[in-house]
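A short worksheet on the structure shown next.
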Amino acid sequence: MDKVVRGLKSSTKSLNQCCRLEEKVAIVTASSQGIGFAVAQRLAQEGAKVIICSRKEANVNSAVDKLKTKGYEVSGITCHVGVDEDRKKLLNEAISKYGGLDILVLNAAVNPSIGPVLECSEAVWDKIFEINVKSTFLMMKESLPLLKKSKSPSIIIMSSIAGYQPFDMLGVYSISKTTLLSLCKITAQELARDGIRVNCIAPGVIKTKFSNFLHNSEAASEMIIATIPMQRFGIPEEIGSVAAFLASSDASYITGETIVAGGGIKSRL
Ligand SMILES: NC(=O)c1ccc[n+]([C@@H]2O[C@H](COP(=O)([O-])OP(=O)(O)OC[C@H]3O[C@@H](n4cnc5c(N)ncnc54)[C@H](OP(=O)(O)O)[C@@H]3O)[C@@H](O)[C@H]2O)c1
């Protein structure tokens, strides 16, 4: 682990004092590992009560145990974001465990195959759009009755740098992430009058299981790092901190925006 990353990891450990999110209730989808886990951890560190969820019970239990050991207020439930009944259970969990919902982080995404866009099968296209886009839309829609009761509601959608600069072999995934930028813009307009802020995060290449194929060999790592001005991969904690900012009152006048955390990879003007 390089020195910068070691420093970042230890500085996030000393943030327990920070309490921007006290009294808030958060749901983070796909949060048993990777970026979702780091987001859940950071929101909890800042005082939020956080519901962890993903498809596999063992993963959810393990994530909840890790965070409870640190003294955070978290609870867990399984939820496949593409399953109507699971999303309903998840929202009910927020009501029954913590009495409402203030922060919704929509982090789940899949990328079942790699290759040129026009070689993608219809089934893969449908899967990517079902999970990455449709489930995000449905979760937002279904959470509105709860968010409208919150004093400072916030929705955060996990897009990607690939939403701005499509990745060659991740074409359909990139298109789905561009769609989320648009979903964010339009819903931010629609929900502003209800005081609900909607923002996106566009991570660059973050070291997780999802991006494993980009860093699982020295040759792949070198090739990717050569395209990143900061000359390193990001770590999930560097996305957790962006999410905590967007969820907090520090971002109270920000809606419809996307924060790129990509180590300087070109995204937009
Ligand atoms: N890593 C990167 O470089 C990068 C860059 C830009 C954007 N992103 C975005 O960041 C988000 C998280 O990626 P990651 O890198 O953290 O992935 P990851 O480390 O592979 O973690 C994926 C998580 O998603 C859960 N999951 C998968 N399918 C799910 C579903 N249908 N419903 C609910 N949970 C599900 C998994 O748990 P279970 O197996 O238990 O379901 C796991 O907790 C994604 O939206 C991704 O597009 C990642």
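Counting with numbering that gives the first Met the number 0, you get residues 0 to 268 for the letters of the sequence shown. Ideal Cβ positions, reconstructed from N, Cα and C, are used throughout, including at glycine.
* Asked: Are there 16 or more other CB atoms within 10 angstroms of the CB of residue 110, so buried, or fewer, so exposed?
  -> buried
* Does the beta-carbon distance from residue 106 to residue 157 come in below 9 Å? -> yes
* If we count the other Cβ atoms within 10 Å of its Cβ and call it buried at 16 or more, is residue 263 buried or exposed? -> Residue environment analysis places residue 263 among the exposed positions, since fewer than 16 neighbouring C-beta atoms fall within 10 angstroms of its C-beta.
* Asked: Out of curiosity, what's the CA-to-CA distance linking residue 265 and residue 257?
  -> 14 Å
* Would you kindly check if the distance between the Cβ of residue 78 and the Cβ of residue 53 is under 9 Å? => yes
* Would residue 193 count as contacting chain D if we go by Cβ distances under 9 Å? -> Reference to chain D is not applicable here, since this structure consists of a single protein chain.
* Contact set for residue 61: own chain, Cβ-Cβ below 8 Å, skip 5 residues either direction -> 31
* Any non-hydrogen atom of ligand 1 within 8 Å of residue 203 CB -> yes
* To do: With residue 170 as the anchor, note down where its beta strand (DSSP E) starts and where it stops.
  => Run containing residue 170: none in the beta strand (DSSP E); it sits in the alpha helix (DSSP H), 170-190.
* C-alpha distance - residue 146 paired with residue 70, whole-angstrom precision -> About 26 Å.
* Can the beta-carbon of residue 41 be found closer than 9 Å to that of residue 236? -> yes
* To do: Per DSSP, which residues does residue 73 bridge with? Please list them.
  => 49
* With contact counted as at least three CB pairs below 8 Å, one residue from each stretch, are the region 181-195 and the region 223-243 in contact? -> Contact between the region 181-195 and the region 223-243 is absent, because fewer than three Cβ pairs lie under 8 Å.
* Asked: Excluding sequence positions up to five away, which residues of its chain have a Cβ less than 6 Å from the Cβ of residue 81?
  -> 129, 130, 134
* Cβ of residue 98 within 9 Å of Cβ of residue 24? -> Yes, the Cβ-Cβ distance between residue 98 and residue 24 is below 9 Å.
* Taking Cβ to Cβ, would you say residue 155 is nearer than 9 Å to residue 198? -> Closer than 9 Å, so yes.
* Closest by C-alpha distance to residue 151, when choosing among 124, 243, 204, 101 -> 101
* Stretch-stretch touch, CB-based, cutoff 8 Å, three pairs: the region 162-182 with the region 120-129 -> yes
* Alpha carbon to alpha carbon, how far is residue 223 from residue 260? Give it in angstroms, no decimals. => 16 Å
* Asked: Unbroken beta strand (DSSP E) runs of length 3 or more, entirely within the region 52-133: which are they?
  -> 73-77, 102-105
* Taking the continuous alpha helix (DSSP H) assigned at residue 222, which residues delimit it? -> 217-224
* Asked: Which residues in the same chain as residue 220 place their Cβ atom closer than 6 Å to its Cβ, once the five residues preceding and following it in sequence are excluded?
  -> 214
* Can you tell me which of the three DSSP states residue 204 falls into? => Assignment of residue 204 by DSSP, reduced to helix, strand and coil, places it in the coil class.
* So what does DSSP say about residue 210, is it helix, strand or coil? -> coil
* To do: Alpha carbon to alpha carbon, how far is residue 104 from residue 87? Give it in angstroms, no decimals.
  => 16 Å
* Asked: So, are the CB atoms of residue 57 and residue 49 less than 9 Å apart?
  -> no
* To do: Answer with buried or exposed for residue 217, where buried requires no fewer than 16 other C-beta atoms within 10 angstroms of its C-beta.
  => exposed
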